[in-house]
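Sequential numbering from 51 applies to the sequence shown in our numbering.
Quick reminder that beta carbons are idealized off the backbone N, C-alpha and C, glycines included.
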Amino acid sequence: MKSDIQIAQEAKMEEITKIAEKVGLEEDDLELYGKYKAKVKLDVLKRLSDNSDSKLVLVTAITPTPAGEGKTTTTVGLGQALNRIGENAVIAIREPSLGPTMGIKGGAAGGGYAQVIPMEDINLHFTGDIHAIGVAHNLLAAAIDNHIKQGNELNIDPTQITFKRALDMNDRALRETIVGLGGTINGQPREDGFLITVASEIMAILCLANDLMELKDKLGKIVIGYSYDGESITAHDLKVEGAMTALLKDAIKPNLVQTLENTPAFIHGGPFANIAHGCNSVMATKFSMKLGDITVTEAGFGADLGAEKFYNIKSRFADLKPDATVLVATIRALKMHGGVDLADLKEENLEALEAGMENLEKHIENVHKFGVPTVVAINRFPDDTEKELALVRKKCEKLGVNVALSEVWAKGGEGGEELANAVVDVLENEKSQFEFLYDEKAPIKDKIEKIAKEIYGADGVNYSDTALGQIEKYEKQGYADIPVCMAKTQSSISDNPSLKGRPSGFKINVNEINLSAGAGFLVVMTGPVLTMPGLPKRPSAEDIDIDADGKISGLF
């Protein structure tokens, strides 16, 4: 089969104005970025306010493995398939970060015959959103050191600055740095470091803001550190939230593109799911829900991370009520959870598959805790046997959930019709009873332990002395009644990446808790989750090239 980029480059794209027409948008509603990309003006949402909201379908997955699950591919393919069977579906997903694109993950625009296009643009600079977020982030970082250099009226303690700098590239050498070297003219030397831009609180804020002024308000609430007296210092104290918002005035507008089959797709925002909430922007989702009859969206990594945060954080802030959830699984990944090595996945192994099904079962249970009907999508690979597929179907039916085969990678929308029909059946015949897992006003520990016990299956939580001190401080400062955003490994339901399947008999270890006051949540660190990834020994960048005609190759 052809590579993803070959398939994408051979696609027959429609001009973006034609894509917009399909969902009732006019050319004046758009800000064009060439012929095939556009931003949608924010004031259009006011015009659409009388439109009824579409059904909302969240695509999530089992715990990720090196074998691959294909969540974004399934999301794109499902959107195409729904339109093939006569539904008016719009897709809303995250935009890729350059760091992982150049690192080990490669592109993130779907795969095979279920991709969003123009694939090269989306995976590289796109419309400049992530660049704008990085510049706004670094403006605030620069303002902090400038304030200290210019007399430090706010009495900022350089040893208690929590706001690092940002760069949209995997660069481990920048995780811990020293700034201000070279004498007093360059400022005061202090320890600092870099985040990858998609881990920035500003990315999370942009994706949770409902309009430009809410964005400005949230940016002003970012806590950058503390004074010598222990008082929190904010971006508003530094008087830069207005300039930051000005830098983001275009970035907040959702991006409209299309799939290989010309299905409308919004791609906007990209917070990491193991650090932040892992969902595309509220703005993109709201536009999708006003323009289509079914919105298909996704959340990062497994349901224990992305879906939990979609339900407890994004849905809470945006007043969303998901109507159905698609839980993506592969035979290959389930066998890995059952103990099979990556090299042996092509061999039929019903015993390992049965054992690995525990992971899928736990994720199904978790989704049902939120009262959302579920469809399991078996993302088929060529080596899957009929016996293996039958085993998964039988298990899902025994658990009382709908199950459908998905072959969108190989066949596009046609290969997703069984899944699309299953989703429509659920939307028509099962009513979502969506509810949050916890009350946001509950004590901080109660919220953490609720997630640890009910979602991860832990016996309890171990807190470091640092975390206990931070909980006490945040409660005194009035930050107790906001959601918690769990930062943990994506490779296990537990906080130990080596524990596959459905771990039991463990406790979650909370090392520290970081305040994201602007985004409106507390980030609970359960292990060494990297906010600045590194490149692998052989990064994907080594395969990417361009010819004299400007044609890009090697971008997966």
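(request) Could you tell me the distance, in whole angstroms, from the CA atom of G243 to the CA atom of N399? (result) Residue mapping note: residue 243 aligns to position 193 of the sequence shown, counting from 1. Residue mapping note: residue 399 aligns to position 349 of the sequence shown, counting from 1. Going by the C-alpha atoms only, they are around 46 Å apart.
(request) Along the beta strand (DSSP E) that carries R215, what are the first and last residues, could you check? (result) Indexing the sequence shown from 1 puts residue 215 at position 165. Here the beta strand (DSSP E) through R215 covers R215 to L217.
(message) I'd like the list of long-range same chain contacts for L256, defined as Cβ closer than 7 Å, with 5 residues on each side in sequence excluded.
(response) Residue numbering aside, residue 256 sits at position 206 when the sequence shown is read from its first letter. Counting only Cβ-Cβ distances below 7 Å, and skipping sequence neighbours, we find I183, L265, L298, A301, I302, G319 and S331.
(request) Apply the 10 Å Cβ neighbour rule to P314 and answer buried if 16 or more other Cβ atoms are within range, or exposed otherwise. (result) Indexing the sequence shown from 1 puts residue 314 at position 264. By the 10 Å Cβ count, P314 comes out buried.
(request) Just grab the DSSP bridge partners of M536 for me. (result) Walking along the sequence shown from the start, residue 536 turns up at place 486. DSSP, once it has assigned bridges, lists V574 as partnering M536.
(message) What would DSSP say about Y276, mapped onto helix, strand or coil?
(response) Counting from 1 along the sequence shown, the entry for residue 276 is found at position 226. Y276 falls in the strand class under three-state DSSP.
(request) Hey, could you find the ends of the alpha helix (DSSP H) G237 is sitting in? (result) For the purposes of this step, residue 237 is identified with residue 187 of the sequence shown, where counting begins at 1. It is not in any alpha helix (DSSP H) - G237 carries neither H nor E in the DSSP assignment.
(message) My output table needs one value for L384: the three-state DSSP class, helix, strand or coil.
(response) What you label residue 384 is simply residue 334 of the sequence shown in a count that begins at 1. Three-state DSSP puts L384 in a helix.
(request) Under 8 Å by Cβ, that's how I've got K500 and H387 pegged, so tell me the actual separation to the nearest angstrom. (result) Position 450 of the sequence shown, counted from the first residue, corresponds to residue 500. Position 337 of the sequence shown, counted from the first residue, corresponds to residue 387. The pair is not a contact, with the Cβ atoms about 25 Å apart (cut-off 8 Å).
(message) When you compare the CB positions of M152 and P589, do they come within less than 8 Å of one another, or not?
(response) In the sequence shown, the residue the question calls residue 152 occupies position 102. In the sequence shown, the residue the question calls residue 589 occupies position 539. Yes; because the gap between Cβ atoms is below 8 Å, this pair is in contact.
(request) Decide if A131 is buried, meaning its Cβ has at least 16 other Cβ atoms within 10 Å, or exposed. (result) By 1-based counting over the sequence shown, the position of residue 131 is 81. Per the 10 Å Cβ criterion, buried.
(request) Return the first residue and the last residue of the beta strand (DSSP E) that K550 is part of. (result) Locating residue 550 in the sequence shown gives position 500, where the first residue counts as 1. Segment: none, K550 is in no beta strand (DSSP E) and carries neither H nor E.
(request) Measure how close the beta-carbons of N220 and G328 come, nearest whole angstrom, since I'm counting them as under 8 Å. (result) For the purposes of this step, residue 220 is taken as the residue at position 170 of the sequence shown. For the purposes of this step, residue 328 is taken as the residue at position 278 of the sequence shown. Their Cβ separation, rounded to whole angstroms, is 18 Å, which puts N220 and G328 out of contact at 8 Å.
(request) For A296, count neighbouring C-beta atoms within 10 Å of its own C-beta (all shown protein chains included) and say buried if the count is 16 or more, exposed if not. (result) Residue mapping note: residue 296 aligns to position 246 of the sequence shown, counting from 1. A296 should be labelled exposed.
(message) Short of 6 Å in beta carbon distance, which residues of its chain neighbour V573, apart from the five on each side in sequence? Order them along the chain.
(response) Counting from one through the sequence shown, the residue named residue 573 turns up at place 523. C535, A537, N564 and S566.
(request) Assuming G230 and R240 form a contact by the criterion Cβ under 8 Å, report the distance between their Cβ atoms to the nearest whole angstrom. (result) Stepping through the sequence shown from its first residue, residue 230 is reached at position 180. Stepping through the sequence shown from its first residue, residue 240 is reached at position 190. That belief holds up - the Cβ atoms of G230 and R240 are roughly 6 Å apart, short of 8 Å.
(message) Using the three-state DSSP reduction, which class does F244 fall into: helix, strand or coil?
(response) Taking the sequence shown and counting its residues from 1, the one referred to as residue 244 is at position 194. Three-state result, F244: strand.
(message) Let's test the definition: count the other Cβ atoms within 10 Å of the Cβ of K444 and tell me whether it reaches 16, buried, or not, exposed.
(response) In the sequence shown, counting from the first residue as 1, residue 444 sits at position 394. By the neighbour-count rule (16 or more Cβ atoms within 10 Å), K444 is not buried but exposed.
(request) If I'm right that V346 touches A139 with Cβ under 8 Å, what's the distance once you round it to whole angstroms? (result) Position 296 of the sequence shown, counted from the start, is the residue given in the question as residue 346. Position 89 of the sequence shown, counted from the start, is the residue given in the question as residue 139. Between A139 and V346 the Cβ distance is about 6 Å, and since that is below 8 Å, they are a contact.
(message) Let me check understanding here. Comparing Cα to Cα, which of A472, N173 and V185 lies closest to M294?
(response) For the purposes of this step, residue 294 is taken as residue 244 along the sequence shown, with counting starting at 1. The shortest C-alpha separation from M294 is found at V185.
(message) For a test of the three-state rule: what should DSSP assign to A353, helix, strand or coil?
(response) In the sequence shown, residue 353 corresponds to position 303, counting from 1. Note: A353 maps to helix in three-state DSSP.
(message) Taking 6 Å as the limit between beta carbons, can you name the residues of its chain near S542, skipping five residues before and five after?
(response) Reading the sequence shown from its first residue, position 492 is the one you call residue 542. Excluding positions up to five away in sequence, the list reads L549.
(message) Using only CA atoms, which one of F360, G604, E71 and G161 lies nearest to N324?
(response) Looking up residue 324 in the sequence shown gives position 274. If we check each option's Cα against that of N324, F360 comes out closest.
(request) Go to Y513, then tell me how far its alpha helix (DSSP H) extends in each direction, as first and last residue. (result) Walking along the sequence shown from the start, residue 513 turns up at place 463. Here Y513 belongs to no alpha helix (DSSP H); instead the beta strand (DSSP E) covers G510 to Y513.
(request) Evaluate K214 with the Cβ neighbour count: other Cβ atoms within 10 Å of its Cβ, from every protein chain shown; 16 or more gives buried, anything less gives exposed. (result) Taking the sequence shown and counting its residues from 1, the one referred to as residue 214 is at position 164. Classification of K214: buried, given that the 10 Å Cβ count is 16 or more.
(request) Given a cut-off of 8 Å, decide if P116 and L392 are closer than it, judged by their beta-carbon atoms. (result) Here the question's residue 392 lines up with position 342 in the sequence shown. Here the question's residue 116 lines up with position 66 in the sequence shown. A contact, by the Cβ cut-off of 8 Å.
(request) Please report the residue range of the beta strand (DSSP E) in which L605 lies. (result) As a first step, residue 605 must be located in the sequence shown, where it is residue number 555. First-last for L605: undefined, no H or E at that position.
(request) Take I283 as the anchor and find which of K419, D207, F322 and K364 has the nearest alpha-carbon. (result) Counted from its first residue, the sequence shown places residue 283 at position 233. The candidate whose alpha carbon is nearest that of I283 is D207.
(message) Rounded to the nearest angstrom, what separates G342 and A472 at their Cα positions?
(response) Residue mapping note: residue 342 aligns to position 292 of the sequence shown, counting from 1. Residue mapping note: residue 472 aligns to position 422 of the sequence shown, counting from 1. Taking the straight line from one Cα to the other gives about 19 Å.
(message) Does H197 pass the burial test, meaning 16 or more other C-beta atoms within 10 Å, or should it be called exposed?
(response) For this step, residue 197 is matched to residue 147 along the sequence shown. That one is buried.
(message) What would DSSP say about V422, mapped onto helix, strand or coil?
(response) Indexing the sequence shown from 1 puts residue 422 at position 372. Correct three-state label for V422: coil.
(message) Beta-carbon within less than 7 Å of S554's beta-carbon, same chain only, minus the 5 sequence neighbours each way: which residues are those?
(response) Position 504 of the sequence shown holds residue 554. Cβ neighbours of S554 beyond the five flanking positions: G507.
(message) Can you give me the C-alpha to C-alpha distance between I521 and L477, rounded to a whole angstrom?
(response) Here residue 521 refers to the residue found at position 471 of the sequence shown. Here residue 477 refers to the residue found at position 427 of the sequence shown. Their Cα atoms are separated by approximately 41 Å.
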